[in-house]
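I have placed the structure first, in the form of structure tokens, so that the comments after it can refer back to it.
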Amino acid sequence: MRRSLMAAAGVLVLTLLAAGPAAGQQQAAGTGLLGRYFDNPDFGDVVTERLDPTIAFDWGRGIPDGIPLTGKGDTFGVVWTGYVQPEFTEEYTFTTSSDDGVRLRIDGEVVLRNLTEHAQTEDSGSVTLEAGRLHEIQLDYFDVGGEAIIFLAWESASQPRQLVPTERLYPPDTPLTAPTPVATPAPPPPPGPPDLAVVASGVSGATQAGSPLLFTATVVNQGQSPTPPGVPVSVQFLSGPGELAAAEHAGPIQPGEVVNLTSTTAWTAQEGEFQVTAEVDEVDRVDEVDEANNSVPQNLVIAPAAVPAVAAAARDPAEPIQAAILGLLVLGVGLLLANLLLIWRRRRAAAAAPPAPASGRARDGTTTVLPHAEPVEVVPPRRRPRT
Ligand SMILES: [Ca+2]
Ligand SMILES: [Ca+2]
Ligand SMILES: [Ca+2]
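Here the sequence shown is numbered in the working numbering, starting from 931 and rising by one per residue.
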């Protein structure tokens, strides 16, 4: 019966030995586990130690070759320690085939345990491993006589059962290298403050005295942060120290956002030349990296007020001739009225004068001739001849 079991176990051993390396194993560089050999099954005093490339031994009824065991001769123990490095991140099942006792720890946790005296027996246990990581491994084994066999195999969903290969086993003095950290991008620097700037300004309306003018400004946030929420962004239109108009945006203005603002009240234009400065955030509600770019001046020329319509009509080319004719008519009517007035006054004067003698001799000897009187012949006095 014992021989038949041994034969069956031999099939397992051959199966394990026949399993080839899994894909990707060439990336590992292990050399095996450190084996500390004891001359008793209680893991007492260490007799010797050596590096074993794999755990695959069938010492038959003897003892390990080259190990100067001195105890009972056919009774001894071995503790293998070091690291095991899996290729995949997944659950691995470890299987031992041993005669006699066996116990496997991975990262300090017991994965399988059968510390009894027994013929060659398979024991299995599972543990989840991380690809590329060196996991601590400790395999305790003892033989209390008779056959002495120990094999260590593993399998997972990604690889068939096989002996744990040499390149996946590392001795305990292997320097542990931290798993390659996943490159994490450096956190972006905190964004800078907002930066408002006036990039254009203008007016809307006729640039003529008396005309209602609206002012416009184009504002951009060329900073890295939006303007604070709930804080309005205002623009003031100044001529010298005086404010002509103002505009406001409820905000916030996002980085790179362009906002066109128009004054809320009109300015009644006055004749003259003005330099109007559009200044954003003139009350400094927003902290900015640059305040020098907050204002832009513009020159504004306001023409005189419009000429009234009647005066404009006088600019008709025919107007001088019409005016001359009108003047002549007025002059003619005036002369006519003056003559009529003169005649009327003469007649009135004539009607008011006392009746005069038909003719008479004045004291001075002259004769007054009245209208409608017959002329009187005036005879000069006769001169007395000289004697
Ligand atoms: Ca035995
Ligand atoms: Ca600014
Ligand atoms: Ca500011």
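Using N, Cα and C, we set each Cβ at its ideal position, and we do this for glycine too.
Would you say the beta carbon of P977 comes nearer than 7 Å to a heavy atom of ligand 1? Rather than Pro, the amino acid found at residue 977 in this sequence is Val. No, the Cβ of V977 stays beyond 7 Å of every heavy atom of ligand 1.
Which whole-angstrom value describes the C-beta separation of R1038 and L1099, a residue pair presumed to lie in contact below a C-beta threshold of 8 Å? Note on identity: in this sequence residue 1038 is Gly, with Arg being the wrong assignment. The Cβ separation is near 17 Å, so there is no contact.
Along the beta strand (DSSP E) that carries D1214, what are the first and last residues, could you check? No beta strand (DSSP E) contains D1214, which DSSP labels as neither H nor E.
Ligand 4: which residues have Cβ under 5 Å from any of its heavy atoms, chain order? Ligands present in the displayed structure are limited to ligand 1, ligand 2 and ligand 3, and ligand 4 is not among them.
Examine ligand 2 and report whether any of its heavy atoms sits within less than 7 Å of the Cβ of L1126. Yes, since a heavy atom of ligand 2 falls inside the 7 Å radius drawn around the Cβ of L1126.
What residue from Q1184, E1178, V1133 has the CA that sits closest to Q1152's CA? Q1152 has its Cα closest to that of Q1184, out of Q1184, E1178, V1133.
Cβ distance (whole Å) where G1132 is taken to contact P1142 below 8 Å: The pair is not a contact, with the Cβ atoms about 15 Å apart (cut-off 8 Å).
Specify whether the segment 1255–1271 and the segment 1221–1234 touch according to this definition: at least 3 beta carbon pairs, one from each stretch, less than 8 Å apart. In short, these stretches do not touch, since the Cβ pair count stays below three.
Indicate the three-state DSSP secondary structure (helix, strand or coil) for R1063 in the structure shown. DSSP places R1063 in coil when its eight states are reduced to three.
Between the segment 983–995 and the segment 1069–1089, are three or more C-beta pairs nearer than 8 Å? A contact exists between the segment 983–995 and the segment 1069–1089.
Sequence-distant residues of the same chain with beta carbon closer than 6 Å to E1201, five excluded per side: Cβ neighbours of E1201 beyond the five flanking positions: A1139, I1232, P1234.
Which one of V976, Q1205, A1116, L1042 has the shortest CA to CA distance from W1084? Taking W1084 as reference, the option from V976, Q1205, A1116, L1042 with the minimal CA-CA separation is L1042.
Does E1052 come out as helix, strand or coil in the three-state DSSP assignment? In this structure, E1052 counts as strand in the three-state DSSP scheme.
Measuring from the CB of E1221, is there a heavy atom of ligand 2 at a distance below 7 Å? Correct: E1221 has its Cβ closer than 7 Å to ligand 2.
D1070 and F1006 closer than 8 Å at C-beta: Judged by beta-carbon spacing, F1006 lies beyond the 8 Å limit of D1070, meaning their Cβ atoms are not closer than that value.
Continuous beta strand (DSSP E) assignments of at least 3 residues falling wholly in the segment 1171–1228: 1172–1179, 1188–1192, 1202–1210, all fully within the segment 1171–1228.
Same chain only: Cβ atoms within 6 Å of R966, ignoring 5 sequence neighbours per side: Cβ neighbours of R966 beyond the five flanking positions: V976, E979, V1009.
Where do the N-terminal and C-terminal ends of the beta strand (DSSP E) with I993 fall, by residue? For I993, no beta strand (DSSP E) run applies, since DSSP gives it neither H nor E.
Among the residues of its own chain, which have a CB less than 6 Å from the CB of P951, if the five just before and after it don't count? Legend: pLDDT at P951 = 36, less than 50; position of this residue unreliable, value from coordinates given subsequently. Taken in chain order, the residues that qualify are P1095.
Where A1280 and V1237 are concerned, what is the direct C-alpha to C-alpha distance, given to the nearest angstrom? Rounded to whole angstroms, A1280 to V1237 spans 57 Å at the Cα level.
Hey, quick one: how far does the beta strand (DSSP E) through S1141 stretch, first residue to last? Premise fails: S1141 is in no beta strand (DSSP E) and is neither H nor E.
If you reduce the DSSP assignment to three classes, tell me which class V1260 lands in. In the structure shown, V1260 falls within a helical segment according to DSSP collapsed to helix, strand and coil.
Given a cut-off of 8 Å on the beta-carbon distance, is the pair A1177 and T1157 in contact? Not in contact: A1177 and T1157 (Cβ atoms no closer than 8 Å).
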